[in-house]
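Since the structure comes first, as structure tokens, the remarks are kept for the end.
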Amino acid sequence: MGRKLRIEVLRYNPLDPASTPHMQTYHLEEHPSMTLFVALMQIRETQDPTLQFDFCCRAGICGSCGMVINGRPGLACCTQTRDLPDHIVLHPLPVFKLVGDLSVDTGSWFRNVGTRIESWIHNNKTFDENAQEDRMENELAVQIFELDRCIECGCCIAACGTARMREDFMGATTINRMARFCLDPRDNRDVQDFYELIGNDQGVFGCMGLLGCEDVCPKKLPLQDQLGIMRRMLALHSVKNIIPRSILNKMEKKCGCQDKHK
Ligand code: SF4
Ligand code: SF4
Ligand code: FES
Numbered sequence: 001m002g003r004k005l006r007i008e009v010l011r012y013n014p015l016d017p018a019s020t021p022h023m024q025t026y027h028l029e030e031h032p033s034m035t036l037f038v039a040l041m042q043i044r045e046t047q048d049p050t051l052q053f054d055f056c057c058r059a060g061i062c063g064s065c066g067m068v069i070n071g072r073p074g075l076a077c078c079t080q081t082r083d084l085p086d087h088i089v090l091h092p093l094p095v096f097k098l099v100g101d102l103s104v105d106t107g108s109w110f111r112n113v114g115t116r117i118e119s120w121i122h123n124n125k126t127f128d129e130n131a132q133e134d135r136m137e138n139e140l141a142v143q144i145f146e147l148d149r150c151i152e153c154g155c156c157i158a159a160c161g162t163a164r165m166r167e168d169f170m171g172a173t174t175i176n177r178m179a180r181f182c183l184d185p186r187d188n189r190d191v192q193d194f195y196e197l198i199g200n201d202q203g204v205f206g207c208m209g210l211l212g213c214e215d216v217c218p219k220k221l222p223l224q225d226q227l228g229i230m231r232r233m234l235a236l237h238s239v240k241n242i243i244p245r246s247i248l249n250k251m252e253k254k255c256g257c258q259d260k261h262k
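First residue of the sequence shown? That's 1 in UniProt numbering, and the numbers climb one at a time after it.
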């Protein structure tokens, strides 16, 4: 016999004028290897078909099932109930537009920041369907792939103090994305281009550096490193005209993207 779980969920339907935010409690029996996603499905199938939450892959790939689990953003499908106390409290991710209950619209948020940073390879080659693939060193391809693993779940944004206070802040996921294009030799943008996109307090200079983002990222992306590299590169770029060359040379040695963007 498993534990008796008490699961409290914030219920609210913003489209229903009669709906008011309130907590609703469900009880169910835990079974071995139960994930929070399975628990919510069981509640929806056996107790309350109106409960809203998102999922798709059930395997930590699609990024749909992000929610605040006992105060900490995480993925319901990757969270085992046995790792939680028997009293579980669930809220929707903050910052994103609420669809209802635990369901939020991360898609519009990510589309918006993706457009703001022009999240695509910039080069002036004409597309040739018969051309050979661009070749790339394995080591560099692996570095780019490492940053491309973001599943856009929104957990890092929900955990970010700056994003909670300022809706124009682009967050660690966006800076990570920019770092990915910065590494990519097929992208012709230079440091000035990156500076214009994220060299402000909506981007790298708005970050308070407390690293809640990296702590909660379910894909364990190196957000701290990317924030540091991009901030250092853009800070250096912003003062390079007033710093003597000899000092600049020493500083550039510490900048992650200096090879591409000298
Ligand atoms: S380190 Fe920066 S981006 Fe990450 S949670 Fe803190 S303020 Fe947000
Ligand atoms: S960086 Fe991590 S926490 Fe943030 S959206 Fe991507 S996968 Fe989710
Ligand atoms: S359902 Fe896809 S990440 Fe959880």
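Heads up, the beta-carbon is just placed ideally off N, CA and C, and yes, glycines get one too.
Note that this is a predicted model, so its numbers are computed, not measured.
Same chain, Cβ closer than 7 Å to residue i, five either side skipped, listed in chain order
i, result
"isoleucine 175", "Ile198, Gly203, Val204, Gln226, Leu227 and Met230"
"leucine 248", "Lys240"
"aspartate 105", "Phe96, Lys97 and Val99"
"phenylalanine 194", "Met178, Cys182 and Leu234"
Span separating the alpha-carbon of residue i from that of residue j
i, j, result
"tryptophan 120", "asparagine 138", "21 Å"
"methionine 170", "lysine 97", "15 Å"
"asparagine 124", "leucine 140", "22 Å"
"glutamine 52", "glycine 209", "34 Å"
"isoleucine 117", "glutamate 30", "44 Å"
"phenylalanine 55", "threonine 115", "25 Å"
"tyrosine 26", "proline 94", "22 Å"
"histidine 261", "proline 244", "Any reading at histidine 261 must be qualified, since the residue scores a pLDDT of 45, below 50, and its modelled position is unreliable; no value is offered."
"proline 21", "alanine 76", "21 Å"
"lysine 250", "isoleucine 88", "52 Å"
"alanine 200", "isoleucine 242", "Note that residue 200 corresponds to asparagine in the displayed sequence, not to alanine. So the two alpha carbons sit approximately 19 Å from each other."
"cysteine 213", "cysteine 150", "12 Å"
For residue i, the three-state DSSP class (helix, strand or coil)
i, result
"lysine 250", "helix"
"isoleucine 121", "coil"
"glycine 74", "strand"
"residue 268", "In the structure as shown, the chain begins at 1 and stops at 262. Residue 268 is therefore absent and cannot be evaluated."
"glutamine 143", "helix"
"residue 286", "Given a span of 1 to 262 for the chain in the structure shown, any question on residue 286 remains unanswerable."
"leucine 197", "helix"
"glutamate 8", "strand"
"isoleucine 69", "strand"
"serine 103", "strand"
"leucine 36", "helix"
"threonine 25", "strand"
"valine 89", "strand"
"leucine 234", "helix"
"alanine 18", "coil"
"leucine 98", "strand"
"glutamine 47", "coil"
"glutamine 80", "strand"
With 16 other Cβ atoms within 10 Å as the buried cut-off, status of residue i
i, result
"histidine 91", "buried"
"aspartate 83", "exposed"
"serine 19", "exposed"
"threonine 35", "buried"
"threonine 173", "buried"
"cysteine 57", "exposed"
"aspartate 134", "exposed"
"methionine 233", "buried"
Contact with chain B by residue i, beta-carbon distance below 8 Å
i, result
"glycine 209", "No chain B is present in this structure, which holds just one protein chain."
Proximal residues to residue i (C-beta, below 8 Å), its chain only, five neighbours per side dropped
i, result
"valine 216", "Arg72, Pro73, Gly74, Cys155, Cys156, Ala158 and Ala159"
"arginine 180", "Ile144, Leu147 and Asp148"
Cutoff 6 Å; reference residue i; Cβ partners in own chain excluding five residues on either side
i, result
"phenylalanine 110", "Glu152"
Problem - Contact set, ligand 3 heavy atom to C-beta under 7 Å - result: Phe37, Phe55, Cys56, Cys57, Arg58, Ala59, Gly60, Ile61, Cys62, Gly63, Ser64, Cys65, Leu75, Ala76, Cys77, Cys78, Ile151 and Cys153
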